[in-house]
Amino acid sequence: MSEQPMRPILTDFADGVLTITLNRPEKLNAFTEAMLVQLREALAEAEADAKVRALLLTGAGRGFCAGQDLQARHSTSAPDLGAVLETHYNPIVRLMTGMPKPLVCAVNGVAAGAGANLPLACDIVFAAKSAAFVQAFAKIGLIPDTGGSWQLPHALGLPRALALALLAEPLSAETAARWGLIWKAVDDGELMEQARAAARQLAHGPTFGLGLIKRALRQSPARSLDEQLDTERDLQRIAGRTPDHAEGVRAFMEKRRARFTGEKS
Ligand code: T3D
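Residue numbers (my numbering): 12 to 276.
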């Protein structure tokens, strides 16, 4: 019997949560082109599938993701990396940040290059205490991509962002949490349990409304308070008309747990 090739992206659906696992553990889940294509497809399918009400992204083995597979760059001179970003990495970041449902990330080990910045495009990031984030780009003459050049200064301020990007030193999960780059650093043995619990909680939430929360918060850094107040008015008008808002209020008044459908109408 011929051996089946290992799939670089695994998906598993349960209880409203689609888990996507980066799966090249022997290379710390470094991205090949096939892997980037499959990740993008999985995200696009998740966005279109109403049964998927939350996503969980993680990595197989001891690493989360070591970024672009450098083996694929070894034999090419002067590649057009702008084209690679335009074709692969940028659409993935746009799909993740624009996804109208919540995305949880469980960073199970070292996260380097694009692999360090991919979690920053997720909505809630848990990391194992043994994990570290490495802006490895400077070591190979590149700039932070996968949204890193935007995320780092916004989350950390310019002094920390610049030092991380220029020195390419590992940032521990605990420091990343203390600095506000991620949500929580947790004991390694508790990582998946905590991340799954958060994803499951979100999958039973008012999905459409959670999507509106994402939209409001993600667009706010580019706007003034005045503009954001207008956004809140517009999005709250939409949220207020959803069946989940009515159900949430009813459940509160009846002192019971809400049964959200996640639907817009
Ligand atoms: O080019 C474009 O398309 C533009 C887009 C760029 C986006 C990017 O992500 S650029 C940044 C690319 N990534 C890196 O520069 C990180 C390279 N890796 C590392 O610095 C280290 O591996 C880590 C700090 C992540 C972990 O170190 P360590 O000591 O825990 O593990 P290791 O021994 O270095 O790696 C384990 C194996 O994974 C090893 O393979 P081997 O020797 O056992 O067969 C290593 O070669 C392989 N590996 C790790 N990272 C990559 C990789 N193989 C290919 N590409 C990698 N990025």
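Think of the CB as a built atom: it goes at the ideal place given N, C-alpha and C, for glycine as much as any other residue.
Just so it is clear, the structure is predicted and the values come from calculations on it, not from any experiment.
Inter-residue spacing [alpha-carbon to alpha-carbon] between residue 273 and residue 104: Here the alpha carbon of residue 273 sits roughly 24 Å from the alpha carbon of residue 104.
Whole-angstrom distance between residue 276 and residue 262, CA atom to CA atom: Answer to the nearest angstrom: the Cα atoms are 18 Å apart.
Close Cβ partners of residue 182 (< 7 Å) along its chain, the five nearest in sequence each way excluded: Only 143, 144, 175 meet the Cβ criterion.
Touching by the beta-carbon criterion (3+ pairs, under 8 Å), the region 89 to 102 and the region 211 to 218: Using a C-beta cut-off of 8 Å, the region 89 to 102 makes no contact with the region 211 to 218, since fewer than three inter-stretch Cβ pairs fall below that distance.
Residue 206 vs residue 137 beta-carbon contact at 8 Å: Yes, they are a contact pair.
Start-end ranges of the alpha helix (DSSP H) lying completely within the region 59 to 134, minimum 4 residues: Uninterrupted alpha helix (DSSP H) stretches at least 4 residues long and entirely within the region 59 to 134 occur at 82 to 85, 92 to 95, 101 to 109, 125 to 128, given in chain order.
CB-CB length for residue 75 against residue 120, believed under 8 Å: Sure, about 5 Å apart at Cβ, within 8 Å.
Proximity test, residue 103 beta-carbon vs the ligand T3D heavy atom, cut-off 7 Å: Every heavy atom of the ligand T3D is 7 Å or more from the Cβ of residue 103, so no.
Own chain, CB closer than 6 Å to residue 223, minus 5 neighbours either side, in chain order: Counting only Cβ-Cβ distances below 6 Å, and skipping sequence neighbours, we find 246, 250.
Euclidean distance between Cα positions of residue 195 and residue 67: If you take the alpha carbons of residue 195 and residue 67, they lie about 15 Å apart.
DSSP three-state assignment for residue 275, whether helix, strand or coil: For residue 275, the secondary structure class from DSSP, reduced to helix, strand or coil, is coil.
Cα-Cα separation, residue 12 to residue 32: A caution first: residue 12 carries a pLDDT of 47, below 50, which makes its placement in the model too unreliable to give a value.
Residue 41 beta carbon near the ligand T3D (any heavy atom closer than 7 Å): Under cutoff, so the answer is yes.
Residue range of the unbroken alpha helix (DSSP H) whose run includes residue 245: From DSSP, the alpha helix (DSSP H) with residue 245 extends over 236 to 251.
Local Cβ density within 10 Å of residue 87, reported as buried at 16 or more and exposed below that: Around the beta-carbon of residue 87, fewer than 16 other beta-carbon atoms lie within 10 Å, marking it exposed.
Straight-line Cα distance separating residue 248 from residue 72: Between residue 72 and residue 248, the C-alpha separation is close to 45 Å.
Secondary structure, alpha helix (DSSP H): runs of 4+ residues fully inside the region 131 to 171: Listed in chain order, the complete alpha helix (DSSP H) runs (minimum 4 residues) inside the region 131 to 171 are 159 to 167.
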